[in-house]
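K.L.:
Each number in our numbering corresponds to the 1-based position in the sequence shown with 25 added.
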Amino acid sequence: VADQLESGAEITLPGIGKLKVTERLARTGRNPSTGAAIEIAAKKAIKFVPAKVLNDSINKGL
């Protein structure tokens, strides 16, 4: 799984969802203790997108 994501491939888990790598841009954040501005570096993150069938099954009773 890690090798596939590192190469940029999207992984599909039928009936469950998809895993893919997204890039998060650098941004300015705040230290919650002091309120001081800090720079948050750009990074890659794993994003999970649930399949419609999974989403529908957990929201069936709502």
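Glycine included, each C-beta is placed from N, C-alpha and C at the ideal position.
None of the values given here were measured: they were computed from a predicted structure.
CB L38 to CB I71, shorter than 8 angstroms?
P.N.:
no
K.L.:
In the DSSP assignment, what residue or residues form a beta bridge with L38?
P.N.:
G42
K.L.:
Using the Cα positions of T53 and I65, report the straight-line distance between them to the nearest angstrom.
P.N.:
Straight-line Cα distance between these residues: approximately 6 angstroms.
K.L.:
How far does the alpha helix (DSSP H) with K77 in it extend, from its first residue to its last?
P.N.:
K77 to I83
K.L.:
Pick from K45, G40 and I41: whose alpha carbon is nearest that of D28?
P.N.:
K45
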